[in-house]
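Residue numbers (the working numbering), protein chains in the order written: chain A, 31 to 373; chain B, 31 to 373; chain C, 31 to 373.
For reference, the structure is listed below as C-alpha cells.
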Amino acid sequence: MKPQTLQQLADHVSGTVIGDPNIVIESVSTLQTAGDGQITFLSNVKYLNDVKDTGASAVIIAQESEVEINQIVVQDPYYALQQIVVLIHGYRANKPVGIRDKSNISETATLGDGCHVHDFVTISDNVKVGKNCYFYPGVFIGQDTTIGDDCIFYPNAVVFNDCVIGDRVIVQSNTSIGEDGYGFSTHNGVHHKIPQIGRVILEDDVEIGASAGIERGTLDDTVIGKGTKIGDMVAIGHGTTIGPHCLLVAQVGVSGSTDIGHHCVFGGQVGIAGHLKIGDLTRVGAKSGISGNMEGGKSYLGTPAIDASKAKRSMVILQYLPEMKKRIKALERKLEKLSAGKS
Amino acid sequence: MKPQTLQQLADHVSGTVIGDPNIVIESVSTLQTAGDGQITFLSNVKYLNDVKDTGASAVIIAQESEVEINQIVVQDPYYALQQIVVLIHGYRANKPVGIRDKSNISETATLGDGCHVHDFVTISDNVKVGKNCYFYPGVFIGQDTTIGDDCIFYPNAVVFNDCVIGDRVIVQSNTSIGEDGYGFSTHNGVHHKIPQIGRVILEDDVEIGASAGIERGTLDDTVIGKGTKIGDMVAIGHGTTIGPHCLLVAQVGVSGSTDIGHHCVFGGQVGIAGHLKIGDLTRVGAKSGISGNMEGGKSYLGTPAIDASKAKRSMVILQYLPEMKKRIKALERKLEKLSAGKS
Amino acid sequence: MKPQTLQQLADHVSGTVIGDPNIVIESVSTLQTAGDGQITFLSNVKYLNDVKDTGASAVIIAQESEVEINQIVVQDPYYALQQIVVLIHGYRANKPVGIRDKSNISETATLGDGCHVHDFVTISDNVKVGKNCYFYPGVFIGQDTTIGDDCIFYPNAVVFNDCVIGDRVIVQSNTSIGEDGYGFSTHNGVHHKIPQIGRVILEDDVEIGASAGIERGTLDDTVIGKGTKIGDMVAIGHGTTIGPHCLLVAQVGVSGSTDIGHHCVFGGQVGIAGHLKIGDLTRVGAKSGISGNMEGGKSYLGTPAIDASKAKRSMVILQYLPEMKKRIKALERKLEKLSAGKS
C-alpha cells in the first residue's frame, strides 16, 4: 500500500479538495466500514445519508456535500475510486517465479521476456507467448495457440489448441477457452459429434470470469471483442461473436452463431438464443430470455424480452391475474343478467 | 461398511424398534431398490404406498406403519437416515498420502499435524493450515490464506490469496474461492478493472459445491456464514454476506453487496440482485428472481419474486391469458351494443 | 486436412452431384465465409437466399437449387456435413505422449493398450482403464473407478471414486463427475451432511461439456444414458437418471431423483425439479422451469412449463397486461353506470 495525501489523490484524478488537503489516506473502504485514514466514495445519491454516518477521513463525491467531511469532488467518482484503488493498493502482485521445473513446456513453444510459468503448467507444441505473461499452476495451453503480452492465466485455466489471445487478457480460475462447441448432427435418433474446427479469439483487454466456458466455433471462429468483460460461469456458444466493450454478468448464456454488437450489457442469468443479431448498446435486464433479433440502443427485460419499461409494468400486474380473472367472470355474469333483464 | 443390528441402529438414533431387533443391517438403500439386509426410510408420507412394495429388511419411519416390516420409529426419519448412513457407510475415506513429493509447498507455509497433500498441489507463501486437512491433486492455495482444521479441498479447487477458511470446510472440485469480483468502472465507454482488495471468509462447516465461484470483495469481504451449504455452479458476488445455516441450491446467482440473513433457502437457479437485504428465514422457490429487499420468515416465488402462494395462483392463470384477452374484447363489444341499444 | 473431389464427397454421404464432380474440396465453411475450394451447407431453407451470395465452390443441400453452384443433394444435409467434416478435417488430433513421468498412476491401477497419460494426471488405486484412452494434464480419476475404451478426459476433468464410465465417453475440461450430491439432513436448524454412497454411471458415447457437474447419488446411482450429450455448466442432481440419446444444452439444471426418458431435449438454462418423471421424447424450450411430471412426446415451454404453443400464445399477451387491467376497470365502470341508469 502506498499512502497519499488527499491533495495527491485529488491531483491524480483531476478533482478538487474540500477540507484538509494534507491528511494522509492509507487505504480505501466503503461508506459503512471506512475508518480513520481511509477514503470512501459516493457514486449513487441514493446513499447520500450514509455520508453523514461514515467514519472515513474523506469521501470521493460528484458534488460538494454540506456534510462536514474532507472531500474530493470529481465528475465520475466511481472512476476516481478505481484510479485511487490502483494507486494506493494496486492490482494483485503475482510472485515472480520464472520458469518452474515442474512445469511442462514444449520445446517448440516460444515465450517472450518476463514470463512466469508455475509448476504443473502445460504449454503445448508451437504455442507462441508474448512478453510478461503469467501462468498460475494447473494452466493448460493447447498446441498452436498464440498469446499476446501481459496476460494472466489463473489456476487451472484451460486454453485449447489454435486459439488467439490478445494483449492484457485475464482468464480467471477453472475456466475453459476453446472447448468443443455443442455441435451434433442427429440422424436416426443418434447424435453424431461434429469436429469443431473453428477457433476462439479473445481480443485485447478481455477478461473472462471463473468456471466460464467459451466454445470454439464449429466452422467459424468464436470472437470476444476488445475490452469485453465476461463474468463467472458464463457460457458462450460456438461461432458467436461479441463486439468490443460489452459486459456479460455471471451465469449469462449465449447460444451459438449469434452476433452481438459493441457496448452491450447483459445482466446475470440472461439467456440468448442462437443465430440472432443483437444491436450495439443493447441493455438486457437480469434473468431475461432473448429469442429474437434486438434493435440496438434500447433496454429489454423479461422472457421473451420486450421493452424494459413495458415489461416492468406487466410484471407488476402478474400478481393481480387471479383477481383479474375473477373480475372478468363477474363482469360476464352481470352483463348476462343485465342483458337478460333487458330483453 | 460396518453392519449393525436393528436394535443397535435404533439405539444410535434414539428410536424404537417394531419387529425383530436382532436382524443385521448391512447397508442403506432407497425404498425402490433396497433388498435383503438393507434398511430404507420414509421421510415423506406421499410415498407411504412404496413401503408395502419395498424389498428392504427394515424401514426408518416417523409413525409405526401397519405394513408388516421391521421398523425404526423415530421423530425425524431423514436425520436418523443421515446418522445411520454415517454409522454403517461413513464418509468418503481419503487415502493417507502424507506430503507428496510432486507437490509444491512454500517454505513459509505452515501445516498442522495430520495434513495430507497430494501431488500437483500448490500451497503458497505464508499460508497457515490447521490440523488434518486434506488437499487433493490440482488444488491451489494462494498466499497469506488461513485455513482451519479438518478441511477437505477436492481436485482442482482454487483458493486465492488472503482468504480465511474456518474448520471442517469442504470445497468441491473445480471450484474457485476468492477470484476477482466482477468490478469495473466504466469511463468513456471503456471498462477499467478495479483491484479487488476484499477477502473471502468461509466460516466453520461451510460446504461449496463443484464449479462454483465465490468472488472476493472489491473493498469489503465476501462472507459465507457458519454451516451454510452452497451447491454446484453457484455464483456469489463481491462483498455479499450470507448468514449461517443457509441453503443455496445449484446454479443460484447472488450479485454483489447483498446481505442475506440466517437459515435462508434458495432453490435452484434463483437469481438475486445486488445491494439488497434479505431477511432471516427467507425461502425462495427455484428459478425465482429477487430484485428488491425481502422481509424474512416468508416464502417467495417468481420473477420478480412475490409471496409464494400468490405467485402460484398467478402462474396457474398464465395459460388463460389469450382467453382472458378475448373475453375482455367480447365484453367490450357486448357492452357497446347494450349501451347503443339502450340510448 | 484431406482434400476430396466433389464426387468422392457425394459418394461418402450417398448424395448426388449437381455440377462438376471433379472439383477439389479442401475444407468446409459456412455460407457466409466460405470461399474457393470450400464446401458449405444449407440445413435450413430460411437461409436459402444466402446460397446465391456464398463464395463456396459447392453446397450440401436437401433439394437441387436453381442457383448456379456445384451441389451435393442429400436427404439430411446436416448429417452429410458432419460426415464430410470428419472426412476432410477429422477430430482433434491428441498428441501421442505415452505415460508421462510427471503423472501419478497408482500401482494397483490398470491401463489398456494405447492409453496416453499426460503430466500432472492422477489415476488412483484400483482404477481400471480400457484401451486407447487419453488423459490430458490435470485430470483426476478417483479410486475404484472403471473406464471403458476410447475415452477422452480433457484438462482438469475430475472423476471421483467408484464411478463407471463406458466406451467413447468424452469429458470436457474443468468438469466434475461424481462429486458429492447436495444431500443434507436439517435437524434443529443445522444441516448434516449425508455420505453420498451412490455412484455415477456414464454409458457409452456420452459427452459432458466444460465446467459441468454430475453429482453421485445419495443411495442410488446417477445414470446418464448411452449417447446423451450434456452441455457446458449443466448441473445434474444426485440419483437422477437420464435415458439414452438426450440433449441437455448449456446451463441446464436437473435436481435429484428425477427420471428422464430417452431422446428428450432440454434447451439452455432449463431447470427441472426433483423426484419427477419426464417421459420419452419430451422437448422443453430454453429457460423453462419444470415442476411436475411431464407426459412424453410433447413440447413444453415457460415456468411452470405448459404446452409450448399455448405458452407462446400466453407470452405474447404478457405485454398487454397493464392495458387489460385498465380495460377491465373501464368495463366495470361502464357496467356500473349502465346498471345504475337502468334501475
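Just so you know, even glycine gets a beta-carbon here, dropped at the ideal spot from N, CA and C.
Under 7 Å by beta carbon: chain C residues contacting residue i
i	result
Asp210/A	Gln202
Simplified DSSP assignment, three categories, for residue i
i	result
Gln93/B	coil
Lys256/A	coil
Gly168/A	coil
Gln38/A	helix
Gln101/C	strand
Tyr330/C	strand
Lys125/B	coil
Ala88/A	strand
Leu278/A	strand
Met31/C	coil
Asp262/C	coil
Asp83/C	helix
Val199/B	coil
Glu56/A	coil
Glu209/C	strand
Lys317/B	coil
Ser136/A	coil
Gly301/C	strand
Which listed residue (the options) has its alpha carbon closest to that of residue i
i	options	result
Thr252/A	Gln105/A, Met263/A, Thr288/A	Thr288/A
Val147/C	Ile227/C, Val230/C, Leu331/C, Pro185/C	Pro185/C
Val159/B	Ile177/B, His293/B, Ile227/B, Gly257/B	Ile177/B
Gln93/B	Asp66/B, Arg122/B, Val47/B	Val47/B
His275/A	Ala265/A, Tyr330/A, Lys256/A	Lys256/A
Asp174/B	Asp149/B, Pro167/B, Asp192/B, Lys161/B	Asp192/B
Tyr350/C	Ala341/A, Glu353/A, Gln349/A, Arg357/A	Ala341/A
Ser136/A	Tyr166/A, Val157/A, Gly196/A	Val157/A
Ile114/A	Gly332/B, Glu325/B, Ala280/B, Leu249/B	Leu249/B
Val346/B	Arg122/C, Gly322/C, Asp262/C	Gly322/C
Arg198/A	Asn204/A, Asp234/A, Arg229/A	Asp234/A
Cys145/C	Thr312/C, Val220/C, Val127/C	Val127/C
Asn124/A	Thr140/A, Asp180/A, Gln101/A, Ile91/A	Asp180/A
Val43/B	His217/C, Ile260/C, Ile358/C	His217/C
Contacts that residue i makes with chain B (C-beta to C-beta distance below 9 Å)
i	result
Ile358/A	Met354, Arg357, Ile358, Leu361
Val194/C	Result: empty, since nearest Cβ-Cβ is about 16 Å, beyond 9 Å.
Contacts of residue i in chain B (Cβ-Cβ under 8 Å)
i	result
Ala335/C	Simply none; closest approach about 11 Å.
Thr63/A	Leu249, Asp250
Arg343/C	Leu351, Pro352
Leu365/C	Leu365
Where residue i meets chain B, residues with beta-carbon distance less than 7 Å
i	result
Thr60/A	Leu249, Asp250
Val220/C	Gly257, His275
Met100/C	Per the sequence presented here, residue 100/C reads as Asn, with Met not at that position. The premise fails here: Asn100/C is roughly 46 Å from chain B at the closest Cβ pair, so nothing lies under 7 Å.
Cross-chain neighbours of residue i in chain A, by beta carbon under 7 Å
i	result
His146/B	Residues of chain A passing the Cβ test: none, with the nearest at roughly 18 Å.
Ile347/B	Leu351, Pro352, Lys355
His293/C	Gly219
Gln299/C	Gly283, Gly301
For residue j and residue i, believed in contact at Cβ under 8 Å, the rounded distance
i	j	result
Gly291/C	Ile308/C	6 Å
Gly85/C	Gly65/C	5 Å
Gly315/B	Ala338/B	6 Å
Val188/A	Arg229/A	That belief does not hold up - the Cβ atoms of Val188/A and Arg229/A are roughly 15 Å apart, past 8 Å.
Proximal residues of chain A, C-beta to C-beta of residue i below 8 Å
i	result
Pro225/B	Val115, Val116, His119, Gly120, Tyr121, Arg122
Lys132/B	Lys132
Cross-chain neighbours of residue i in chain C, by beta carbon under 9 Å
i	result
Thr152/A	His148, Asp149, Phe150, Tyr166, Pro167, Gly168, Pro185
Proximal residues of chain A, C-beta to C-beta of residue i below 9 Å
i	result
Lys340/B	Gln349, Pro352
Phe71/B	Here the premise fails: no neighbours, minimum Cβ distance about 34 Å.
Partners in chain C for residue i, counting only beta-carbon separations shorter than 8 Å
i	result
Ser241/A	Asn204, Ser241, Met263
Leu368/B	Leu368
Practice task
Flag this pair as touching only if the stretch 49-60 of chain B and the stretch 105-122 of chain B have three or more C-beta atom pairs under 8 Å; answer yes or no.
Solution key: yes
Exercise for the section: Answer yes if the stretch 62-78 of chain B comes into contact with the stretch 105-114 of chain B, meaning at least three C-beta pairs across the two stretches below 8 Å, and no otherwise. Expected result: yes
Exercise for the section: Inspect the CB distances between the stretch 349-366 of chain C and the stretch 356-367 of chain B and report whether three or more fall short of 8 Å. Expected result: yes
Exercise for the section: Say whether the stretch 298-307 of chain A touches the stretch 216-225 of chain A, bearing in mind that this needs 3 or more beta-carbon pairs closer than 8 Å, one atom from each stretch. Expected result: no
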